[in-house]
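A short write-up of the structure that comes next.
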Amino acid sequence: MIELNINGRTQQVDADPDTPLLYVLRGQLGLNGAKFGCGLGQCGACTVIVDGNAVFSCITPISALGTRAVRTVEGLGTIDNPGPMQRAFIEEQAAQCGYCIPGMMMRAQAMLERNPNVSEAEIRKTMGVNLCRCGTHMRILKAVGRAANAMKSAKGST
Amino acid sequence: VLVLLCAIAGAACSTRTVIDSGAPAATTAFPKDRIAKGATLAAIGDCASCHTAKDGKPYAGGFPVSTPFGTVYGTNLTPDPATGLGRWSEAEFRRALREGIGDHGEHLYPAFPYDHFTLLHDDDIGALYAFLMTRDPVRNEVPANTVIVPRAFVAVWKKLYFHPGEFRADPSRDPRLVRGEYLAESLGHCGACHTPRNKLGAEKKDEAYAGGEVGGWHAPALNAGSTSPARWTADAMTAYLSTGIADDHAIAAGPMAGVTRNLGHVPKDDVEAIAAYAVSLNSGGSGARAAPARRAAAGDRADSDVNGARIYAGACGDCHDRGRAADGGALPLQLAIAPTLPVPSNLIHIVRDGIVPQAGERSRWMPSFAGTLTDAEMTDLVTFLRANSGYPPWTGVPAAVREAKQARE
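Here the protein sequences line up with chains D and Y, keeping their order. Just so we're aligned, residue 1 is where the first sequence starts under our numbering, counting upward by one. Just so we're aligned, residue 1 is where the second sequence starts under our numbering, counting upward by one.
As structure tokens, then:
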């Protein structure tokens with residue numbers, strides 16, 4: 001058994017140490033937010049946050065995680081109470097097929113937690129790693145911008 | 001000794017002069033084909049890499065070249081009169097390339113590789129001049145150099161290591177090799193990175209192309225000491241130099257990425273000539289290495305090795321073991337050169353930062369593992385890959401991992 005720290009909870013999983021995190025999240029823990037896109041770290045649909053960094057869960061073996069904190073899109077909020085990033089994506093209606101969106105949100109979340117005062121150019125550069133084939137890029141960029149404003153004002157009010 | 005050095009420096013200083021003959025030529029004086037030829041030559045010389053700041057205007061200077069003696073900033077090569085080459089005559093420009101002397105008669109630091117450019121033919125220098133003098137002038141004062149060595153001592157350095165003089169071809173040799181040698185040894189200044197340097201920063205001529213260090217990367221040996229698992233052919237080298245990718249070898253990364261990006265704009269026969277010459281440097285080599293000894297059975301492995309193997313299987317194998325031809329297929333690591341080099345820096349840089357295409361560039365991509373792997377895991381993975389290459393272990397991998405990380409932060 002390998003112990004993982006997922007969305008603040010300790011979970012025991014029974015899998016080979018070289019199993020990619022994505023398979024464990026989806027196959028064993030029922031966390032289906034992160035998607036399998038390419039399986040090669042090329043598309044970003046599987047992106048989750050590990051200790052503050054956006055990583056591709058499809059090429060992250062669970063043995064590499066240790067006690068580091070893993071967060072998935074399920075950790076950002078719930079259907080009844082979405083987090084600021086999820087709220088921004090809903091308000092901008094940034095999903096078309098939606099397959100890339102959990103990965104988009106996790107990469108954006110990691111970026112904004114590090115620095116909510118990002119420029120448009122920085123957003124584009126950071127998000128360029130994640131691919132969307134429907135073509136909602138402009139809405140995704142707007143949603144990330146909206147989330148940045150929300151997170152800035154939340155920071156300012158505390 | 002110091003007195004003697006000063007005397008030599010003094011003697012050299014006294015011969016320096018300011019050339020006042022000849023004003024800069026009007027830009028309309030340059031025919032289009034001269035300018036185009038100069039553009040090709042500038043690409044072969046990779047001039048833009050050291051003379052363009054990050055996010056700066058091309059050739060407007062300001063790129064920091066760090067040397068063991070301090071930082072030298074690439075100068076502004078645009079024809080701005082106040083901060084660039086605007087007031088330079090062609091004679092002054094030629095003297096800088098051929099003798100390493102600036103427009104005020106001062107000795108130039110050899111971070112500017114005039115030890116190579118001195119070989120240039122006058123006609124090529126003229127074409128480069130035509131190209132640079134027809135760029136858009138950009139007013140850009142570059143930061144002052146922080147080199148601790150006074151310029152007068154550069155005169156001493158020159159006495160010891162600098163041999164001015166134009167390239168002379170051996171007429172009995174294959175003209176393509178001669179062309180390749182001329183371009184590689186002069187403008188291409190390949191040896192500036194691929195030849196190791198001595199304590200005073202001069203290339204060790206008796207170890208030409210034995211491999212050198214540049215900007216935290218290792219420039220691999222091109223001579224018989226090459227550890228490339230697959231022997232380079234002229235065709236593979238041509239593909240590598242002009243596209244940055246050679247199927248059975250490598251993807252250009254680090255400082256070499258800019259070189260291949262520039263060579264992509266150079267006519268094919270010149271790239272083929274450079275490639276033929278580069279491959280000829282290893283003519284004495286023994287060919288492809290014997291397959292490395294396979295690793296011990298899993299039971300005999302150290303913990304770190306087991307961990308490295310697991311990380312490889314979970315993080316790397318999906319691409320690197322699926323075959324180059326398959327969708328997303330990456331170089332099989334038995335063919336990769338990075339694990340065979342004398343130092344781990346290149347392998348660590350690539351694992352940490354991946355290979356990221358420039359905006360608008362044809363795809364070549366490897367994800368970054370900086371956030372995925374901890375320093376200890378990176379160390380285990382790199383150690384495992386080195387062991388699998390069949391070469392003796394590297395020392396100082398953890399320190400090299402830390403160093404690569406600091407270089408990015």
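Where is the CB? At the ideal position from N, CA and C, for every residue including glycine.
Report the CB separation of residue i from residue j in whole angstroms; it is logged as a contact under 8 angstroms.
i	j	result
T383 of chain Y	V397 of chain Y	6 angstroms
R179 of chain Y	A273 of chain Y	4 angstroms
N53 of chain D	A110 of chain D	6 angstroms
L242 of chain D	M104 of chain D	Coverage of chain D is limited to positions 1 through 158, which leaves residue 242 of chain D absent and any answer about it impossible.
T227 of chain Y	L341 of chain Y	6 angstroms
N198 of chain Y	A210 of chain Y	Their Cβ separation, rounded to whole angstroms, is 12 angstroms, which puts N198 of chain Y and A210 of chain Y out of contact at 8 angstroms.
P110 of chain Y	G201 of chain Y	7 angstroms
P267 of chain Y	T40 of chain Y	7 angstroms
A434 of chain Y	D18 of chain D	The structure shown does not extend to residue 434 of chain Y, since chain Y is modelled only from 1 through 409, so no value can be given for it.
P24 of chain Y	S89 of chain Y	6 angstroms
A127 of chain Y	G38 of chain Y	4 angstroms
I350 of chain Y	A253 of chain Y	6 angstroms
A184 of chain Y	I35 of chain Y	Going by Cβ atoms, the distance from A184 of chain Y to I35 of chain Y rounds to 24 angstroms, so no, they are not a contact pair.
S280 of chain Y	L177 of chain Y	6 angstroms
Can you tell me which of the three DSSP states residue i falls into?
i	result
T60 of chain D	coil
Q406 of chain Y	helix
L241 of chain Y	helix
G287 of chain Y	Here G287 of chain Y scores only 47 on pLDDT, less than 50, and its place in the model should not be relied on; the value that follows carries that caveat. DSSP places G287 of chain Y in coil when its eight states are reduced to three.
T233 of chain Y	coil
H107 of chain Y	strand
T47 of chain D	strand
N115 of chain D	coil
M1 of chain D	coil
G100 of chain Y	coil
E166 of chain Y	coil
R173 of chain Y	coil
L141 of chain D	helix
P113 of chain Y	coil
V388 of chain Y	For the sequence presented, residue 388 of chain Y should be read as Asn rather than Val. Of the three classes helix, strand and coil, the one that applies to N388 of chain Y here is helix, per DSSP.
M151 of chain D	helix
A399 of chain Y	helix
I125 of chain Y	helix
I251 of chain Y	strand
A69 of chain D	strand
E185 of chain Y	helix
I148 of chain Y	coil
R133 of chain D	coil
R197 of chain Y	strand
A82 of chain Y	coil
N307 of chain Y	helix
G33 of chain D	coil
A417 of chain Y	Any answer about residue 417 of chain Y is impossible in this case: the structure gives chain Y only from 1 up to 409.
A202 of chain Y	coil
Quick one: give me the first and last residue of the alpha helix (DSSP H) that residue i is part of.
i	result
A121 of chain D	E120 to M127
A48 of chain Y	C47 to H51
V259 of chain Y	P255 to L263
R34 of chain Y	K32 to I44
Please report the residue range of the beta strand (DSSP E) in which residue i lies.
i	result
A221 of chain Y	From DSSP, A221 of chain Y is part of no beta strand (DSSP E); its letter is neither H nor E.
S213 of chain Y	As written in the sequence, residue 213 of chain Y is Glu, which differs from the Ser given in the question. Looking at the DSSP string, the run of the beta strand (DSSP E) that includes E213 of chain Y is G212 to V214.
T67 of chain Y	P64 to T67
V154 of chain Y	Per DSSP, V154 of chain Y belongs to no beta strand (DSSP E); it is in the alpha helix (DSSP H), R151 to Y161.
G70 of chain Y	G70 to Y73
V13 of chain D	R9 to V13
V266 of chain Y	Per DSSP, V266 of chain Y belongs to no beta strand (DSSP E) and is neither H nor E.
Does the beta carbon of residue i fall short of 6 angstroms from some heavy atom of the ligand COA?
i	result
W365 of chain Y	As for the ligand COA, it is missing from this structure, which has no ligand bound.
Exercise for review: Counting only runs of 4+ residues fully inside the region 77–113 of chain D, write out the alpha helix (DSSP H) ranges in chain order.
Suggested key: 84–91
**Study point:** Near-chain D residues of the region 107–134 of chain Y - C-beta to any C-beta below 9 angstroms
**Key:** none
**Study point:** Members of the region 17–31 of chain D that neighbour chain Y once the beta carbon cut-off is set at 8 angstroms
**Key:** P17, D18, T19 and P20
Check your understanding: Going along the chain, which unbroken runs of the alpha helix (DSSP H) with 4 or more residues stay wholly within the region 310–380 of chain Y?
Key -> 317–320 and 345–353
Practice item. Could you run through the region 34–47 of chain D and flag, in chain order, every residue whose CB is less than 8 angstroms away from some CB of chain Y? Key: C38, G39, L40, G41 and Q42
Point to revise | Near-chain D residues of the region 307–321 of chain Y - C-beta to any C-beta below 9 angstroms | key: Taking 9 angstroms as the Cβ-Cβ cut-off against chain D, the residues of the region 307–321 of chain Y that qualify are N307, A309, R310, I311, Y312, A313, G314, A315, C316, G317, D318 and C319.
Practice item. Closer than 8 angstroms, Cβ to Cβ, to anything on chain Y: give me those residues from the region 60–87 of chain D, in chain order. Key: Under the 8 angstroms Cβ criterion, the region 60–87 of chain D contributes T60, P61, I62, S63, A64, G66 and R68.
Point to revise | Positions along the region 372–390 of chain Y whose CB lies within less than 8 angstroms of some CB in chain D | key: Answer set for the region 372–390 of chain Y: T372, L373, T374 and E377.
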